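Taking my numbering, the leading residue of the sequence shown gets 66, the next gets one more, and so forth. To start, the structure under review is shown below, and the notes come after it.
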Amino acid sequence: MAYITIDENTLYIQGGMDPSDTDKTSSAVKSKQFFSLDLTRPTTWNTTTTTLPWTQLNADGDSGPAAYGHFMSVTPKRRNITVWDSIGINSSIMSYSLDSRRWTKLGNRPKELTTLPGIQAVADPSSGRVYIPSGRNNVDADMLIYDLLTSTTTWTIMPPREPNNPLQWYGYSFVWSSYRTSFLIFGGGGDVGSYFYEYKVPNNAWTELKLRAFRGYIPPRVKNACLVPAYNGTKMILFGGQTSNNDTLGDLYILDMESMMWNLTQTVPASQSRHSMACSVSGDNFIIWGGKFFHLHTSRFHGRAVFSPIEQKSA
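This is the structure in structure tokens:
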């Protein structure tokens with residue numbers, strides 16, 4: 066499934082599929098589900114029932130894409146969500162208007178866009194251009210840059226990749242840092258090579274960021290984790306993911322953007338470890354779609370605060 070949070074106010078979740086299905090090409094197993102969760106009303110969340118401020122956005126029959134392994138971005142004015150479906154011959158780019166509540170097809174998937182899963186897209190809030198690491202369908206897997214206004218693509222190089230780690234820059238976490246006015250990329254596949262970099266748009270350059278920790282706990286390389294901003298971008302929250310051995314983790318790290326120091330804040334029980342989940346932040350609460358939230362002040366996980374009206378098997 067694809068997800069995005071806008072201004073720590075609303076979480077949007079779209080698409081997905083049943084991971085137990087073995088036919089990954091059948092459109093029948095892909096979901097068109099599209100829901101939003103109001104993050105401004107945490108006091109209304111009931112921890113024992115499924116009564117939550119969810120809204121089904123395509124209930125009027127105006128259906129979005131049936132997709133999995135896809136990703137979302139948001140336009141600078143925060144009124145349109147772009148859904149990028151890069152998997153399959155009929156994949157496309159679609160836009161959802163938060164004002165009209167309607168989908169619009171923007172065009173077919175750019176021929177330069179990779180069809181491999183494990184990539185993400187984030188928009189530069191000043192220009193609106195969408196940056197997709199490893200998004201270019203070429204040998205070097207360059208970062209694709211797409212201009213929604215002109216429907217044109219450009220690209221730039223990725224950070225150095227180890228020769229024996231072709232999946233180094235897939236399954237990464239990618240986020241815009243308003244605090245540093247730059248993109249951050251963390252993690253990825255394989256088990257060799259550096260995995261924490263910053264990209265500055267004006268310089269068109271990547272810089273490796275050193276991993277430093279308050280108490281010696283540095284986050285390992287993980288794939289399919291989530292990395293989201295908190296407290297107006299002054300913190301970054303990293304949770305879960307998989308190791309190179311496909312072990313699923315349940316560690317929660319907080320990165321202080323001023324000192325650039327990591328802090329291992331909490332580890333969930335093994336039964337709650339996860340990857341490829343949706344997550345978001347609402348005030349002091351870190352929300353994982355699927356059953357848990359974490360209070361940033363009390364440093365504790367609280368039981369089953371977020372239930373979904375969507376089928377739990379979707380991923």
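The C-beta atom is built at its ideal place from N, Cα and C for all residues, glycine as well. Given the structure is predicted, the values throughout are model-derived calculations rather than measurements.
DSSP places residue 337 in the helix class (H, G or I) of the three-state scheme.
If you draw a 10 Å sphere on the C-beta of residue 179, you find 16 or more other C-beta atoms in it, and that means buried.
Excluding sequence positions up to five before and after residue 320, its CB lies within less than 6 angstroms of the CB of 301 and 327, all in the same chain and listed in chain order.
C-alpha of residue 283 to C-alpha of residue 128: approximately 43 angstroms in a straight line. Around the beta-carbon of residue 100, 16 or more other beta-carbon atoms lie within 10 Å, marking it buried. No alpha helix (DSSP H) of 4 residues or more sits fully in the segment 183-217.
Selection 279, 198, 216 and 170 evaluated against residue 263 yields 198 as nearest (Cα-Cα). Per DSSP, residue 176 is not a residue of any beta strand (DSSP E), being assigned neither H nor E. Counting along the chain, the unbroken beta strand (DSSP E) around residue 262 starts and ends at 261-265. The beta carbon of residue 193 sits closer than 8 angstroms to those of 140, 141, 212, 213 and 214, all from its chain and outside the five residues before and after it, given in chain order. Looking at the DSSP output, residue 144 sits in no beta bridge, so it has no partner there. Inter-residue distance for residue 208 and residue 222 is about 6 angstroms (C-alpha atoms, whole angstroms). Listed in chain order, the non-local C-beta contacts of residue 143 below 7 angstroms within the same chain comprise 71 and 72, local neighbours out to five positions each way being set aside. Of 322, 314, 98 and 172, the smallest CA-CA separation from residue 340 is found for 314. Excluding sequence positions up to five before and after residue 330, its CB lies within less than 7 angstroms of the CB of 317, 318, 319 and 364, all in the same chain and listed in chain order. Going by C-alpha positions, residue 150 is about 28 angstroms away from residue 310.
In summary, residue 130 is buried, with 16 or more beta-carbon neighbours lying within 10 Å of its beta-carbon over all protein chains present. Residue 333 and residue 291 have their alpha carbons spaced roughly 15 angstroms apart. When Cβ pairs closer than 8 angstroms are counted between the two stretches, the segment 175-191 is seen to touch the segment 228-245, the count reaching three or more. For residue 94, the three-state secondary structure derived from DSSP is helix.
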